[in-house]
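Everything on this sheet refers to the single structure shown next.
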Amino acid sequence: MSTLALAFDLGGTELRGALVERSGDVVARVSEPTLAGAGSEAVIGQIIVLAGKLLKEHPQARVIGIGACAPGPLDPKAGIVIGPPTLAGWHNVPMIDILSRQFGRPVRLENDANAAALGEWRFGAGRGAASMVFVTVSTGIGGGVIADGHIYHGRRGLAAEIGHMTITGEGDRCFCGNVGCFEAVASGTALGRRATRLTKPGDGSQLRRLSNDGDVSARHVIEAARTGDAAALGLVEAEAKWLGIGFTNLLHLYSPEVIVMGGGLANGFDLLAPGIRATIEERAMQAYRDVPIVPAELGDRAGLVGAASLILWEGEPGTALAMVQNDETKNGAGEKPGAREASHG
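Quick note: the sequence shown uses this note's numbering, first residue 8, plus one each step.
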């Protein structure tokens, strides 16, 4: 069996584990609900049990290390999970130290959004790009930035809190305490909240029928929009505008070669893309308007394969770009600069 890494994607709802090859292929995976309210010892205990299960089922696996990703804030260099709001009782937990002592193998830690960005860059929609912004739009909004072949970490690994850009002075208060955060107005949660306010139980609307007269979710909005429902289409149009405003800011800040959109709301990317593009055309400076906005390709594997690559590709920043260039040269493709971006459009 080829060289593998154990990978763990620790979320507030679900804990995922996998054996991952250098190619990004997932050989095996396991998951279970996270004991999010039970404290760090209980959750790390879950990681140890899942690791044991994977290794027992694949006794021939040559595992060279462990890559893990978790919600921020965390310090990837120190290997400390500082205090994620979705995990109770976590305060400056030395996760790398604990896991390396437990398994006797190298351990690397990364913010979950950064790991997903790394996964999409190496193996997904960002392949071949030297710079990329990954935005996950789901319950909240998170993201990661690849700049010149490196994850952009900033001080203590806290850079690129994309969801907490202030993009308006109005709207609901974000869980962080501010008004006008990108997350508060453009996340899947925000879209569902607007849909719920727009309708009422028993009003006969398509949105309420899909939600069984309960609160309407972003998924219900996308489903209704696909049937041509006027209210849902209006909500999608407004959502696309907010996303376009946020993406315009990201273009101006980071000047990436591509923006990759993931998360649950990416399931409606085809419906949102025209409005996102129209807003960028309206608001972005001319030099930024041709940057492709594309859907993510890896789904819920992105964090796992990105975390694994911290071990399997350690010491090789920029290798993904070099590999694509070498393959093109070898195959005689002769692709011109920018052709990769054009293929996304």
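Glycine included, C-beta positions come from ideal geometry on N, C-alpha and C.
Option in the options with minimal Cα separation from residue i
i: A33; options: I318, V312, E321, W320; result: It should be noted that the sequence gives Val, not Ala, for residue 33. Comparing Cα positions, the closest option is V312.
i: E288; options: L319, N256, V267; result: N256
i: F189; options: G199, T173, T286; result: T173
i: T361; options: R226, P208, S30, Q67; result: Nothing in the structure corresponds to residue 361, since the chain is present only between 8 and 352.
i: N278; options: V100, G241, S145, P80; result: Residue 278 is actually Leu in this sequence, not Asn. Among V100, G241, S145, P80, the Cα nearest to that of L278 belongs to G241.
i: A285; options: S47, K248, N219, V301; result: K248
i: P91; options: F182, G24, G161; result: F182
i: L198; options: N185, G178, D210, L319; result: G178
i: V144; options: L319, L305, G170, I283; result: G170
i: E168; options: S224, G176, Y159; result: Y159
i: P281; options: I300, Y295, A294; result: I300
i: A75; options: P101, A68, K63, G96; result: P101
i: S107; options: K63, L125, R36, I55; result: I55
i: E321; options: R290, A231, L125, L305; result: L125
i: V223; options: A231, A202, A232; result: A202
Rounded straight-line distance, which links the Cα of residue j to that of residue i
i: G221; j: F276; result: 25 Å
i: F15; j: L22; result: 7 Å
i: I229; j: V243; result: 7 Å
i: D82; j: I103; result: 10 Å
i: A303; j: L250; result: 15 Å
i: P80; j: V192; result: 22 Å
i: H259; j: G111; result: 44 Å
i: L13; j: D307; result: 16 Å
i: D210; j: N219; result: 11 Å
i: A45; j: I73; result: 23 Å
i: P400; j: V70; result: Residue 400 is absent from the structure shown; the chain starts at 8 and stops at 352.
i: P113; j: L319; result: 11 Å
i: I105; j: G253; result: 38 Å
i: A43; j: P78; result: 12 Å
i: S9; j: A25; result: 15 Å
i: S30; j: V50; result: 29 Å
i: L11; j: A166; result: 29 Å
i: S316; j: G135; result: 16 Å
i: K60; j: Q109; result: 15 Å
i: L58; j: R200; result: Just to set this straight, residue 58 is Ala in the shown sequence, not Leu. Taking the straight line joining both Cα atoms gives about 38 Å.
i: G187; j: R163; result: 25 Å
i: G18; j: T206; result: 32 Å
i: P208; j: L62; result: 50 Å
i: S38; j: S194; result: 25 Å
i: N368; j: E28; result: Summary: the structure shown does not reach residue 368, with the chain confined to residues 8 through 352, and so no result is reported for it.
i: A68; j: R36; result: 13 Å
i: L305; j: R180; result: 32 Å
i: G52; j: G96; result: 14 Å
i: G155; j: G133; result: According to the sequence as given, residue 155 is Asp; it is not Gly. Taking the straight line from one Cα to the other gives about 13 Å.
i: I283; j: A232; result: 16 Å
i: G325; j: A309; result: Here the model assigns G325 a pLDDT of 42, short of 50, so the residue's position is not dependable and the matter cannot be decided.
Cβ neighbour criterion (16 or more within 10 Å) applied to residue i
i: M292; result: exposed
i: D297; result: exposed
i: S47; result: buried
i: V94; result: The residue you asked about is not Val; residue 94 is Leu in the sequence shown. Classification of L94: buried, given that the 10 Å Cβ count is 16 or more.
i: H157; result: exposed
i: G269; result: buried
i: H98; result: exposed
i: R115; result: buried
i: P66; result: exposed
i: T20; result: exposed
i: A327; result: Residue placement at A327 is flagged as unreliable, the pLDDT there being 36, under the threshold of 50; the coordinate-derived value follows with that caveat. When all chains shown are included, A327 counts as buried.
i: A314; result: buried
i: R204; result: exposed
i: R294; result: It is Ala, not Arg, that sits at residue 294 in the sequence shown. A294 should be labelled exposed.
i: I246; result: The sequence as given places Glu at residue 246; Ile does not occur at that position. Label assigned to E246: buried.
i: G176; result: exposed
i: E117; result: buried
i: G161; result: exposed
i: G184; result: exposed
i: Y261; result: buried
Residue i CB to nearest heavy atom of the ligand ADP below 6 Å
i: K84; result: This structure lacks the ligand ADP; in fact it carries no ligand of any kind.
Beta strand (DSSP E) segments (min. 3 residues) lying fully within the region 64 to 132 = Correct list: 69 to 77, 114 to 118.
Alpha helix (DSSP H) runs contained entirely in the region 146 to 214, provided each spans 4 or more residues = 189 to 193, 195 to 205
message = For the pair the region 204 to 215 and the region 233 to 240, tell me if three or more CB-CB distances fall below 8 Å.
response = yes
request  = Could you say if the region 79 to 96 and the region 123 to 143 meet the contact criterion of at least three C-beta pairs nearer than 8 Å?
outcome  = no
query = Is the region 262 to 272 touching the region 131 to 150 in the sense that three or more CB pairs, one from each, lie closer than 8 Å?
reply = yes
ask   = How do the region 105 to 121 and the region 146 to 158 stand: do at least 3 beta-carbon pairs fall below 8 Å, yes or no?
value = yes
ask   = Taking the runs of the beta strand (DSSP E) that are 3 residues or longer, which of them lie wholly in the region 236 to 323?
value = 265 to 269, 300 to 302
message = Quick check on the DSSP output: what are the complete beta strand (DSSP E) runs of length 3 or more inside the region 14 to 66, in order along the chain?
response = DSSP runs (the beta strand (DSSP E)) wholly in the region 14 to 66: 21 to 28, 33 to 40.
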